[in-house]
Every structure is written in C-alpha cells, then in structure tokens.
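Q:
Numbering (the working numbering), first residue to last: 3 to 172.
Given below as structure tokens:
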C-alpha cells in the first residue's frame, strides 16, 4: 500500500524523480540482477507497506515459478517503456507539452483529477522547477485548457490539451 518515489540526487543535492511507484507495483529489481546496489533512492510519499525479498531466495523463486518470472519481465518492460518516454519528452518537448501529457495520462477518461504528488515533486518529475511549473499551470488555465483548484485539475479542453502534448521544442 502507499506510493513510493524513486529518485536520483545530483552532487549539488538537486532531486530528479524517476518514477512514482503505486500500490502493487514492484521496484528495485536492478539490485537483484546486478551488483546488489539499487541505482536510485526510494522514499515513501505516504504510509506504505513494503515487502523485501532476499536475493538468493527470490532468484530461486524465479527459477521455479515461470509465471512469476514472466510477471517480473512484464514489470521491467513497463519501466523501460516509461524511461524511453521520459527521455523522449525531456529531449524533444518543452514543459507545457510535458505537463499536458502528464495530465492526460493521469486523467484517463475522467475530466477532473487530483494531483497525487506535491507540485514541487511534480516539477521534479517533469524535469523542471516549481516556479516554471506554476507559470505553466497558469498559462494552460489562461488558454482555457484546464482549471486549477489547489491539487484538483479540471480538463476543460481535452483536444487542445492533447494537441499541446504532441508539440515539440522549437
């Protein structure tokens, strides 16, 4: 239960969120298959219950339970796709496009969503700073794409937001 952020720290102490782990998801598989070290930090965002499996016992389970191994491969593939998307967006898209994509993905078919993390954590997740994120929220609201009420976001123009999410940096 609970959400966990996976993040890296720069030598200057700047945080970059890589993933938000949701209940039922696994993480830190890299420590099992690599040198035993996880290449990022993990911190609960709320009260969380976590399970730890010793490496040798877990590897034995994977060898004897094909279904478990396939589920783990599926989870690793999901993370790989997310990382590829993050790299693409950070490389080719500006902050408004990244925020638009984030809101569309978060909302799904709903038109109103609650941000699951603080705005400073969201800024880190989108590869920007809080001030730029606040200006971007204001811009999207001024353009009639969204309405912001604290952590609650209402999508007013889903097509316009989708168009914005597809734009690339100039």
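Glycine included, every Cβ here is placed at the ideal spot set by N, Cα and C. Remember, it's a predicted structure, so these values are computed and weren't measured experimentally.
Report yes or no: do three or more beta-carbon pairs, one from the region 53-60 and one from the region 150-168, lie closer than 8 Å?
A: The region 53-60, when compared against the region 150-168, does not touch it at the 8 Å Cβ threshold.
Q: DSSP three-state call for residue 133: helix, strand or coil?
A: For the purposes of this step, residue 133 is taken as residue 131 along the chain shown, with counting starting at 1. Three-state result, residue 133: helix.
Q: Pick out whichever of 71, 14, 6, 84 has its Cα sitting closest to the Cα of residue 46.
A: Numbered from its first residue, the chain shown carries residue 46 at position 44. Among 71, 14, 6, 84, the Cα nearest to that of residue 46 belongs to 6.
Q: Would residue 128 pass as a contact of residue 101 if the rule is Cβ separation under 8 Å?
A: Taking the chain shown and counting its residues from 1, one reaches residue 128 at position 126. Taking the chain shown and counting its residues from 1, one reaches residue 101 at position 99. Their beta carbons are under 8 Å apart, which means residue 128 touches residue 101 by this criterion.
Q: Which same chain residues end up closer than 8 Å to residue 103 when comparing Cβ atoms and leaving out the 5 residues on each side of it in sequence?
A: Here the question's residue 103 lines up with position 101 in the chain shown. Here the set comprises 91, 95, 167.
Q: Which two residues bound the contiguous beta strand (DSSP E) that contains residue 93?
A: Translated into positions along the chain shown, residue 93 becomes position 91. Careful: residue 93 lies outside any beta strand (DSSP E), inside the alpha helix (DSSP H) at 68-94.
Q: Quick check on the burial criterion: 16 or more other C-beta atoms within 10 angstroms. Buried or exposed for residue 86?
A: If you number the chain shown from 1, residue 86 lands on position 84. Exposed.
Q: Using beta-carbon positions only, say whether residue 98 and residue 142 come within less than 8 Å of one another.
A: The residue you call residue 98 lines up with position 96 of the chain shown. The residue you call residue 142 lines up with position 140 of the chain shown. Yes, these two residues count as a Cβ contact at 8 Å.
Q: Going by other Cβ atoms of all chains shown within 10 Å of its Cβ, with 16 needed for buried, is residue 19 buried or exposed?
A: Locating residue 19 in the chain shown gives position 17, counting from the first residue. Per the 10 Å Cβ criterion, buried.
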